[in-house]
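Encoded as structure tokens, the structure appears first; notes follow it.
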Amino acid sequence: MIPLRDDNPTEIRPWMTVILVLANLATWFLVQGGGASMEALEASVFAFGTYPCEITGACPPKGLGATAVLTSMFMHGGWGHLLGNLLFLWVFGNNIEDSMGHLRFLVFYLLCGVLAGAAHVLLSPQSSLPAVGASGAIGGIMGAYILLYPRVRIRTWIPPFFFFNLSALFVLGYWFVLQIIMASVSLGPEVGEQGGVAVWAHIGGFVTGLLLIRLFEKPQLVEAKRAGVQLSREEVARLEW
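Taking the working numbering, the leading residue of the sequence shown gets 63, the next gets one more, and so forth.
If you want it as structure tokens, here you go:
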């Protein structure tokens, strides 16, 4: 189930969402070699990924320690990983930025990513696998979206041939339940890493977004969006930062 776009127009130009997309792309090409070399890709993941066992002291130092919770947010394991995350960031991020303004959105994004990484470390303390990706931060955006705009219709592709307009509550609720199922069947020493995916980071990010959105939202922006009211240029200029 792949979201393609939403029926939720924005008032504010999503500059910070664009900047985050570009930051992930720049990291992919300039630091990770754009996937052209498997050796370079693996080296970047090993150097900048989050090792839970390193942070908890369960294994010798491997990378950047706790700092990697931040750096790993901009690293990805392959083209599919990168493009999938950027698609979700673009579809849902612009409306969350539109609901709180540019700077609040940046802080919200980074905080969700860091706390998602912390959840992964807490629930997989023995893991020696490097975790990378923006999925935790984007999970926070999705948690915020499902709370603010549950009835918005999402144009969704179910490969290979089916397209539906589904509610955000259904699309994002399905995604969250899938993460719970993946986490529940992921047993053993690498708990919460189903097929190499740090699902507890996804869950932690989503829950963080649910909990923090009321602290970050600007009610005037949210209520205008829900009511379909177009704000004046002066109001937008006052609220967008």
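Cβ coordinates follow ideal geometry from the N, Cα and C atoms, glycine included.
It should be emphasised that the depicted structure is a prediction, and the values quoted were computed from it without experimental measurement.
What residues match up with R67 in a beta bridge as DSSP calls it?
-> The sequence position of residue 67 within the sequence shown is 5, counting from 1. Bridge partners of R67: R217.
Going along the chain, which residues of its own chain have a beta-carbon closer than 6 Å to the beta-carbon of V183, five neighbours each way excluded?
-> As a position in the sequence shown, residue 183 is number 121, starting the count at 1. Excluding positions up to five away in sequence, the list reads P114 and I117.
Per DSSP, cross-strand counterpart(s) of S229 | Here residue 229 refers to the residue found at position 167 when the sequence shown is read from its first residue. Its beta-bridge partners are R215.
Where P123 and W152 are concerned, what is the direct C-alpha to C-alpha distance, given to the nearest angstrom?
-> Locating residue 123 in the sequence shown gives position 61, counting from the first residue. Locating residue 152 in the sequence shown gives position 90, counting from the first residue. Rounded to the nearest angstrom, the two C-alpha atoms are 35 Å apart.
Give the C-beta separation of F278 and R166 to the nearest angstrom, bearing in mind that I take them to be a contact with Cβ-Cβ under 8 Å.
-> By 1-based counting over the sequence shown, the position of residue 278 is 216. By 1-based counting over the sequence shown, the position of residue 166 is 104. Yes, they are in contact, since the Cβ atoms of F278 and R166 sit about 5 Å apart, within 8 Å.
Would a C-beta distance cut-off of 9 Å place I158 and A206 closer than the cut-off?
-> Here residue 158 refers to the residue found at position 96 of the sequence shown. Here residue 206 refers to the residue found at position 144 of the sequence shown. For I158 and A206, yes; Cβs fall inside 9 Å.
Return the chain-ordered list of same chain residues with a C-beta closer than 6 Å to the C-beta of A260, the five sequence neighbours on each side being excluded.
-> Start at 1 with the first residue of the sequence shown, and residue 260 comes out as number 198. So the qualifying residues of the chain are H182 and A193.
Measure from the alpha carbon of H138 to the alpha carbon of each residue in A180, G179, N156 and Q94, then state which is nearest.
-> By one-based count along the sequence shown, residue 138 stands at place 76. Ranking the options by Cα distance to H138, first place goes to Q94.
Below 9 Å between beta carbons: does that hold for A263 and A178?
-> The residue you call residue 263 lines up with position 201 of the sequence shown. The residue you call residue 178 lines up with position 116 of the sequence shown. Result yes, Cβ atoms of A263 and A178 sit closer than 9 Å.
Please go through the same chain and pick out, in chain order, the residues whose beta-carbon is closer than 6 Å to the beta-carbon of S190, but skip the five residues on each side of it.
-> As a first step, residue 190 must be located in the sequence shown, where it is residue number 128. If we look at S190 and ignore the five residues flanking it on each side, its Cβ neighbours are C115 and C121.
Between the beta-carbon of I64 and the beta-carbon of L149, is there less than 9 Å?
-> For the purposes of this step, residue 64 is identified with residue 2 of the sequence shown, where counting begins at 1. For the purposes of this step, residue 149 is identified with residue 87 of the sequence shown, where counting begins at 1. Yes. Within cutoff.
Unbroken alpha helix (DSSP H) run spanning H138, endpoints | For the purposes of this step, residue 138 is taken as residue 76 along the sequence shown, with counting starting at 1. Here H138 belongs to no alpha helix (DSSP H), and DSSP marks it neither H nor E.
Backbone CA spacing between M244 and I265 [nearest angstrom] | Sequence index remark: in the sequence shown, residue 244 carries index 182 (1-based). Sequence index remark: in the sequence shown, residue 265 carries index 203 (1-based). Rounded to whole angstroms, M244 to I265 spans 10 Å at the Cα level.
Taking 8 Å as the line, does the beta carbon of L168 fall inside it for any heavy atom of the ligand FMN?
-> For the ligand FMN, the structure offers nothing, since it holds no ligand at all.
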